Structures are given as C-alpha cells and as structure tokens.
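Protein chains in written order, with my numbering: chain A, -14 to 358; chain B, -14 to 358; chain C, -14 to 358.
Cβ atoms here follow ideal geometry from the backbone N, Cα and C, with glycine treated the same way.
Treat the numbers as computed from the prediction; the structure is a model and nothing was measured.
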C-alpha cells in the first residue's frame, strides 16, 4: 500500500508534481464531464477550526464537482475542540468518517500534529500565519494559465510583505522556476523579512525593493496585491499617510503593461478599487475559479485517482521523526502561536537547519531556536 | 444566450410566470420521481448572512430533491464578510462555485447590489425588512392548492401590518388577481402603511380596517396571521392590553367559515395557540411543504430547466441602470439599513417614481427621497 | 402503514432489535458496496440545538455512506429557536424537508416532545444529561466485535459515575444480558447513584464499588473510562488530590488482562494518556468507526429498509399518552432542565412508577415526584 500523502506546505510537492496538478486542472477545465463522477462514494471532511468562507467553499465545490460528498464544520464553536479535545484526536476520529480531510486551524503547525495520527490524507487549508499551500497552487495555476509559463517573469509583490504568508509561499514556489525576478513594494514597516531575501539570494534570483507602487508598475508581468491592516502600523498617522499609495486604482494601472495580470488572494477590502474589476488585467476573481480547479486536481492526486508524478518527497509534515538523527526533543518552542503550546502531550521537536550558526527550527511552526555555544 | 434571471422581488415575476411556477410545483408533488435527478451535477449555494433555519433548509431540501447538491454558510460569522469583504465580492466569487445562489442578508437591497456582478442566478431569500419573494410564492401556492384559485377571495391580514414585509408582499402579489378583498386587522400602532393602501386603491381592490380579530373572522376565506413583537408597541401596558386579542385560539376560530384557511409565515411564538394545530383549517405547517415545492419549481425555472413562461420582465433587480434616463446618482440614500451605507464604492442610485410630487426611490432599498421644488 | 418508530432511549429497543442492528452493522462492514446506494433520494436532517462534532459527523457520514444526503444545523444560533420557536414546531416543519431526523437538544425530554408531532422517525442524539442511545448502541457494537459476546463480562466503569449518562445507559443496556458484573470505580463525590444500583440489584447483577483504578483493573474484561470534570468536586484540593488516580496511563494498564478493552465515549481531555493510544487494548478510536456502522444500521431500520426484528416495544417516547390510565397531568415538573420548563403549551405529564412509595416520574425528563400520603 502507498504511504499516505499529505499537503502541509507547498514545498512538500516537487516541481514535477506541481506541473502534474496544473495539467490536471487544465484538463478538468477542458473536460469537466470526464471528472464529474470520479469521486463517487468518496467523502471530503472540511474541518475549519476558524472560519474562511472562500477556502472552505472552494474545497467543497471541488469535491462536489468530482461527484463526491462533503461533511465538516465551519468554525470551532461547533466542534468538540471547545470541550478540550486535541486536534490529533479530532482528526483521528474524522478519519473514520471521511476519505480525505481539508483543515484550517489558527495554530501554526496544527496540521503537522494532525498528520501524525491520521489514516487519510490531510490538506492544510491554512494554519495561522504559517502555510496555506492551496492558495499558492491557485496562484501558480492562474499565472500558468494567464501568462503561459511559470519562468522568466517579473513579479511585483505589494502591500504587507512582512506578515503576508501568501507572498512568502509564492516566493518559495517561484524560486524553483528559472529567471523569476521580484519587485518588493511595501512601506518600511512591512518590508519583506530578511530570511525570505536570503532564500532569494541563495536561489540566485534578482530582486529589488521599492516603496512606491507607481514607480514599480511599468516593469511588472504580475502584480500581486495584498491587504495592509491598519493595526500593523506603528502609528495611525503613518497608516493614513501611506495607505492610499498601496491602493490600486485605474489611474495607477495606466502605465502597466497591457498583458500584466493583477492577482490578490482575496478577500479584498479596499486595496483594489472596485473600478479596476472591469479591467481585463484584473484576474483576482478568475483566481477563485482556478482555486476550485487546482483543488479538484489535488484531491484526485492525494486519493491516488490520477497517476503519480516523479516520486514526490512530499507527505513530509506527517512524519517529523523520519530524520530522527537531526531531531532534538529537549528544546521547548517559545512561539505562543505554535500548536505545541496547546496540544496535550505533544512532544516538542526541533531540527537543525543551520549547523554553523547553531540554528534549530520547530518542526511544527518553524520557530527559531539559536543554540548558545 | 439567455440573460441571467434573478428573483429579487415578487413583482419581478409576471402573473404568467407565477402561474407556471404553481403548475410546476403541483406537477412536482404529483410526480416526484420525474424530477429527482433533473439537477444532477448542479450546485445551489445558500449564503445566509443572517440565520434563518426554515428558509435555508427549505431551499436545501428543494435542491436535494431535484438531485442537485448544496454548499454555503448559515451565518455571517462563518463568512468572509467578517473580514470586511463586500457582498458583491462574496457573490461574485461564489458564482465560480455554484450554479445558482439563494442569499439572505440583513441589509435592504443587498441582493440587488449582488446581482450586478454575478454570473449565476440570484434568489433573494430575504433582505432585512425589505423583500422575501419566495415566502410570497409559498403563500400563493398554498392558497392555490387549498382554495383552488387566487382570485375572488377575502383575505384577512392580522397582526403587525406596519413592519410585516410578508403581508406587504402578499398584497402586492394578490392585487394582480381579480376581486381580492382585504380585511386589515391590527392594533392602532401597527396599522397597514398608507402607501400600501394607496396601492390597493390604485388597483381598485376593496379593503376594510378593523381592530378586532373576532369581528373580522366570519367573512374571511383566508386568515393570514403574523407575529406581534412587544418592542413595536409604544408602551408595555398597551402591549399587555392588546396582545391576547391577536392570539388565535379554538374559541376565536369558532365563527370562521368551515373552509377558511389559516396561514402564518412561521416561526410562530404564541400568536396561534398550539390547540389550533389540530384544526383542519390550520395550514401553516402545510405551507412549509408548499415552500419546498415552489422553491423546487423556482430553481428549475431560473436554471432554464423548464420552458419559459410569457416573457417575464423579471431579473429587474440585477440591472438598475436599464432605464438610465430616469436614474439619478446625486442623491444619497438616508436609510441606515440600506446596503449603500456599508458596501464599498457602491454608487447611490435613485429612480423617479412620482413625477408630480417629486418622489424618488432608492433602487436598492426603495427608500424615499422627496425633491424640494 | 407501520407506526413511525423513533429512538429516544436505549430501552425503546428490544434485545432482538439490538442484535439485529449489530448484525446489520457487521454486514455493512463486511459488504459496504451492498449498502452504498440504499438510501438514494433519502434525506437525513441533523438538528443540533447544541454542538457535538463527533456525533453529528458520525450521523452525516452514516447517511452519506448509505447513498443519502444530509441537511441541518450544527448549533442553535443558526436555528429559528433563537426567534422563540418551539422544538415541536421546528421538528414538524423539518419533517417536510427530511425522511428522518437526528436531533440533539440541551433540554431533557426534548425529543419526546418533538416526537409527538413529527411525521418522520426521530433519533435522539442526546438530550442534555438524559439519554444518548446511539452512544450506547456504539458501545454495544464495539464490545460485541471485540469480545465476541455481550454476556458473561466484567465491566469496569471509571470516573464520573454520578452524572455520566453514558455509563447509566450502558448499565441499562447490559443488564439485559446474562452474567454481566460491574466494577464501579469513582471518587466518593461521583459515585454511582442509588437508583442505578437498585436496578442492578433488581436484575440480579453482581457489582462492587471501589475507589482505586489500580486495584480494580486486573479483573476487568472491559474498562469504560469517562471524563471527570473539575467543577463536579467539592473542593479544588480534593480534585487535585484525586485526579491522577483516574488517569489511565501505560503504567496503570500493566496488570490488566491482555484482552481487556479500553473504551471511552470521547472527547477525551487528559483522562487517558496519549501514550495509551498505541496499546492494542485501546479501542476508543475504533469505537468511533463502530459508531458510524451502528448508525447506518439504525437509519436503515427506522426507514424500514431492513426487515423488522421481533415486535419492538419501541417508539415509546413518541406517545406518552398510550397508558393514559396511569398518567397524571396535575403535577408540575420541578426539573429546571426539563423541556416542559421552556416549551410553549406543553402539558406536564407524570406516570406512576412505584405505587407503594407513591413515586411518579415526568414522562419527558424522568424527574421524580413523590406523592405525600
């Protein structure tokens, strides 16, 4: 029997696997009838310990269009977790009720803990500010469909680059393709973190950092907008001063290339003016459709209903012990948002990620621990 | 391709269309097997920004009995609107996940805003105190089935006639049939508004206004009960003095005709005594069954799965700009419950409804604006 | 036409019926394909007036695996009961939308009230601290599968035996089998109530009462663990002193028989250490799977889709008036958690249960009333 495959982080998938998912999604769009009963008698559980309409409905629509059915909950209030049940217990029980699970949880690393005990594939539909791999797959499919390629692109990332997990994941994913250049557009408070820049440098990718959207826009093939939250600024004055410069409107869009595409993970509040919606370059609603198609492909793949692509390293999240040699259980994770801070009897585990500098990272939340020498 | 049809208000439908829906509902009751797979591979989204069990379950049961499937949310807490997403964005995204949408929203005019951007049919399942057209269709089907006709009827409307949207809609609908007489039964505080009486007069319908249920009941073919809420009264004493006179019990029912029918939009609290439930004239639970049948017919109609009836004017709500000549965008809607007061970048729009008196009405909530001359 | 059958209490079912359900559940496990379309075009409503993930998802998975579909609500907040609708009205309306109803309600006796007016079978999925018969069926199926029998067993009940409805129901059920011995393991504050011991004595069952889990464990065939809630103790000190003695860990498990089975109704908080999960005697996650199978069997039985077993006395809850001779409606139920304290116009009813001592019990909540002589 095959090992159970999970999707916790976008890097669980090889480039070959991502390409297979994109191809499958394209085939689904072209031939929907071919797929509409392939998941008959299969069940998807959507376990949303915190609400997210779009993501949940996207998964549910995906499973229904494959002929399967859906059960689950849409917020923790209607779940047993209010009675103190651990995430692992909930997931293990639901493994008796469903063939595949999509879960969203406010705690970082929760799906990694969950995947330790499950008997069915787990899809991470967002774990706090940590990972959200199906959003990244959605972004990649949209880019692939609209630009015809995933390499040789200039990608503008605009808004909150400090806390925005979607842009971090997108960088991780796109660094695996050739000749992708990044333009980082954000206020000073919300700059891209150094460790992400380190990754870009390590991969040999070109990047520049600018404060203004206007100066950056003419060069871009892709403009990826994100929401800027007021509470992330040092002062209300600073927010007021800056907020309009990160709002995309038809005026700011004028100098852009005619085939540039505008993406946004949604929901948008006011960072893209409604007037932009009618511009052919606005692709953020089309993204929602791509999100359904790629989730259909992913469900098929994890249920072994399409042929495997080149030996994925994936499923990683589920078995942190695989490389036991470099794991330590004597370090306590200090991140208050980590699943280890609430889950009963969950062993803290760190792996060595930078031997020279003595850096260990929590296997659940990637929280850093530096070993004093 | 056909224009997308929506149902925002009961007046979106022609009499021919209503008759077709009633005929279809009757055929569904007579031949359920004929319909039980007609919506296979179709999806209904039930988007309830505020809770309403009966209405939501009625829609869901309707779609399931047609062989379709259902997804959605049952309160705004589990939706992205808590993150500040506009109704139009939510609807537009869900248009990628479902073939038809039934939405309930606390703000008046919300489905009209939603219908501007959607690519699938929208059914208004209630927008605040404004419209609730599938309730009216339910009432019409129940009357048609129990009385065999929709004309030549004496209709008693009892309870809160001032704020009760269901009775206003029922009046709108029944004025289109011949020889319908209304008996308006309510306390002084909760009398039928003048503008509804104006409509009855304009249509040449007879109506009388009484304070007591007992005096009115012997003449009625239909008694339509509604709930009286304590907080609608000027004083608690007044409420206490009057409340019992609007409670239907077996005693008050005695002088009624033997074929009178008692309707109620439900939920009932105590305005109809439980002892009345066993009376053959009590049709309010049967109404719930009719609600399912008429919603099945409506879904079929809007999905173009039954032949069109005589060229409906419908879909109105979706395109307020159609009669641009008489629209104005320089008036600001003063109704705090109107969708324009919360939806981002939604243009306020008024149409001229009474040229002589200079009356304009908001295209979303029908709020009145009188032009000073 | 057959009388509608409901399941309110485990004693509604005869031993023959329970055996039939167990056989059917075993056949479902062995031949799932045989059952996967038997409920096509049937609908289950899950009406959860208070949340319970596992129970709800277990019912939903059961119906989906039978080829049926599901609708409902997962907490009262999204139901019309917030508008003051009675349970009977909600159930009666939903009877138009579904073929069978599983309901959970915080008030004792609510499903008995509901069953008075429904036209479809009602399954009690828990009514406050009162009954939870599908949990008991789940326990019986698990025991039957793991031990091969339901008689000649030594059953340890551990934890909160005073308030734990699952252990009371399990005792009721197992007293109907031969030679079942009980070992009651609890702190003094949470001892098994006298009336349950009376039942054991009346049935001629052997029982002993101990305070420590360690001394009891070597003799047991079954160890049924329950949660001990801090707030049930007289003092925080007493709780602290005792809590660890009722936590099952690998150390305490050592002297147990190698074929003893550990059950728990779940959710567990910390009363069973996570390290026990890997022990082959730990059967509480397997219980969740059994719960799905027995609910599938029950749905089939109540929908008349499998042959009837020996003339059940069941359906009892639905018609409290059947033995009108011994019913009294002049006693008012004093239990504040009884459905009679909130439901509109619901007649209080008591039946004589002990003529000698003049004891009457509420037909809804079983609350006691002693007649002064």
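Practice task
Reducing DSSP to helix, strand and coil, say where residue 275 of chain A ends up.
Solution key: Of the three classes helix, strand and coil, the one that applies to residue 275 of chain A here is helix, per DSSP.
Handout entry: Neighbour flag for residue 92 of chain A against chain C, beta carbons, 9 Å
Key = Not closer than 9 Å to any Cβ of chain C, the Cβ of residue 92 of chain A fails to qualify, so no.
Practice task
Going by DSSP, name the residue or residues bridged to residue 49 of chain C.
Solution key: Bridge pairing for residue 49 of chain C: absent [DSSP].
Practice task
Check whether the Cβ of residue 49 of chain C lies closer than 9 Å to any Cβ atom in chain B.
Solution key: No - not a single Cβ of chain B is within 9 Å of the one on residue 49 of chain C.
Practice task
Would you mind sorting residue 219 of chain C into buried or exposed? The rule is 16 or more other CB atoms within 10 Å of its CB.
Solution key: Its Cβ having fewer than 16 others within 10 Å, residue 219 of chain C is exposed.
Exercise for the section: Could you tell me whether the stretch 228 to 245 of chain C touches the stretch 41 to 53 of chain A, where touching means 3 or more Cβ pairs closer than 8 Å? Expected result: No, the stretch 228 to 245 of chain C does not touch the stretch 41 to 53 of chain A.
Problem - Contacts of residue 254 of chain C in chain A (Cβ-Cβ under 8 Å) - result: Chain A residues near residue 254 of chain C: 68, 69, 70 and 329.
Exercise for the section: Tell whether a beta-carbon distance below 9 Å holds between residue 137 of chain C and residue 165 of chain C. Expected result: Cβ atoms of residue 137 of chain C and residue 165 of chain C: closer than 9 Å.
Practice task
Within the same chain, show all residues whose beta-carbon is closer than 6 Å to that of residue 301 of chain A, passing over the 5 residues directly before and after it, in chain order.
Solution key: Bear in mind that a pLDDT of 44 at residue 301 of chain A, under 50, signals an unreliable position, so the model cannot answer this.
Handout entry: Where residue 263 of chain A falls, given that 16 or more other Cβ within 10 Å makes a residue buried
Key = Around the CB of residue 263 of chain A, fewer than 16 other CB atoms lie within 10 Å, so the residue is classed as exposed.
Problem - Neighbouring residues, chain A, relative to residue 79 of chain B (Cβ below 7 Å) - result: Identification of chain A residues near residue 79 of chain B by a Cβ-Cβ cut-off of 7 Å yields 42, ordered along the chain.
Problem - Contiguous alpha helix (DSSP H) assignments of at least 4 residues, all confined to the stretch 201 to 263 of chain B - result: As for any alpha helix (DSSP H) of minimum length 4 sitting wholly inside the stretch 201 to 263 of chain B, the runs are 221 to 228 and 235 to 238, ordered along the chain.
Exercise for the section: Please classify residue 359 of chain B: does DSSP put it in a helix, a strand, or coil? Expected result: No answer is possible for residue 359 of chain B: it lies beyond the span of chain B, which begins at -14 and ends at 358.
Handout entry: Contact with chain C by residue 54 of chain A, beta-carbon distance below 9 Å
Key = Yes, residue 54 of chain A counts as interfacial toward chain C.
Handout entry: For residue 43 of chain B, the three-state DSSP class (helix, strand or coil)
Key = Correct three-state label for residue 43 of chain B: helix.
Problem - Residue environment, residue 141 of chain B, which counts as buried when at least 16 other CB atoms sit within 10 Å - result: Residue 141 of chain B is buried by the Cβ-count criterion.
Handout entry: Segment contact, 8 Å Cβ cut-off, at least three pairs: the stretch 163 to 181 of chain C with the stretch -5 to 9 of chain C
Key = Taking 8 Å as the limit for Cβ pairs, the verdict is that the stretch -5 to 9 of chain C does not touch the stretch 163 to 181 of chain C.
Handout entry: Cross-strand partners of residue 159 of chain C (DSSP beta bridge)
Key = Paired residues: none, contrary to the question.
Problem - Simplified DSSP state of residue 357 of chain C, which is helix, strand or coil - result: Residue 357 of chain C: coil per DSSP, three-state reduction.
Practice task
Would you identify the three-state DSSP class for residue 190 of chain B, choosing helix, strand or coil?
Solution key: In the structure shown, residue 190 of chain B sits in coil (DSSP, three-state: anything other than H, G, I, E or B).
Problem - Identity of the residue in C/-6, C/261 and C/143 nearest residue 108 of chain C by Cα - result: The option with the nearest alpha carbon to residue 108 of chain C is C/-6.
Handout entry: Close beta carbons around residue 60 of chain B, own chain, < 6 Å, minus the five adjacent residues each side
Key = For residue 60 of chain B, where only same-chain residues beyond five positions count, the Cβ hits under 6 Å are 36.
Practice task
May I ask you to verify whether the stretch 278 to 285 of chain A touches the stretch 342 to 357 of chain B, counting CB pairs closer than 8 Å and requiring at least 3?
Solution key: Because the criterion of three Cβ pairs below 8 Å is not met, the stretch 278 to 285 of chain A and the stretch 342 to 357 of chain B do not touch.
Practice task
Just mark residue 240 of chain A as buried or exposed, buried being the case when its beta carbon has 16 or more other beta carbons within 10 Å.
Solution key: By the beta-carbon neighbour count (other beta carbons within 10 angstroms, threshold 16), residue 240 of chain A is exposed.
Exercise for the section: Please report how far the alpha carbon of residue 147 of chain A lies from the alpha carbon of residue 45 of chain A, in whole angstroms. Expected result: Approximately 31 Å between the Cα atoms of the pair.
Practice task
Could you check which residue in A/14, A/116 and A/259 has the C-alpha nearest to that of residue 73 of chain B?
Solution key: Of the listed residues, the one whose Cα sits closest to residue 73 of chain B is A/259.
Problem - Residues, ordered as in the chain, of the stretch 26 to 41 of chain A that lie near chain C by beta-carbon distance below 9 Å - result: Answer in chain order: 26, 28, 30 and 32.
Handout entry: Cβ-Cβ separation, residue 238 of chain A to residue 269 of chain A (assumed contact under 8 Å), whole Å
Key = In fact, because the Cβ distance is near 13 Å, the residues do not count as touching under 8 Å.
Exercise for the section: Have a look at residue 110 of chain B and residue 75 of chain B and give me their C-alpha separation to the nearest angstrom. Expected result: The straight-line gap from Cα to Cα measures roughly 16 Å.
Problem - Sequence-distant residues of the same chain with beta carbon closer than 7 Å to residue 155 of chain A, five excluded per side - result: Cβ within range, chain order: 121, 124 and 209.
Problem - residue 104 of chain C classed as buried or exposed, judged by whether at least 16 other C-beta atoms fall within 10 angstroms - result: Of the other Cβ atoms in all chains shown, fewer than 16 fall within 10 Å of the Cβ of residue 104 of chain C; this residue is therefore exposed.
Problem - N-terminal and C-terminal residue of the beta strand (DSSP E) that residue 112 of chain C is part of - result: Judged by DSSP secondary structure, residue 112 of chain C falls within the beta strand (DSSP E) whose first and last residues are 107 to 112.
Practice task
For residue 199 of chain B, collect the residues of the same chain with a Cβ closer than 7 Å to its Cβ; drop the 5 residues on either side in sequence, then sort them by chain order.
Solution key: Closer than 7 Å at Cβ, skipping near neighbours: 237.
Practice task
Please confirm if residue 334 of chain C has its CB atom under 9 Å from at least one CB of chain A.
Solution key: Judged by the 9 Å Cβ criterion, residue 334 of chain C is not in contact with chain A.
Practice task
Give me whichever residues DSSP pairs with residue 339 of chain C in a beta bridge.
Solution key: Paired residue(s): C/344.
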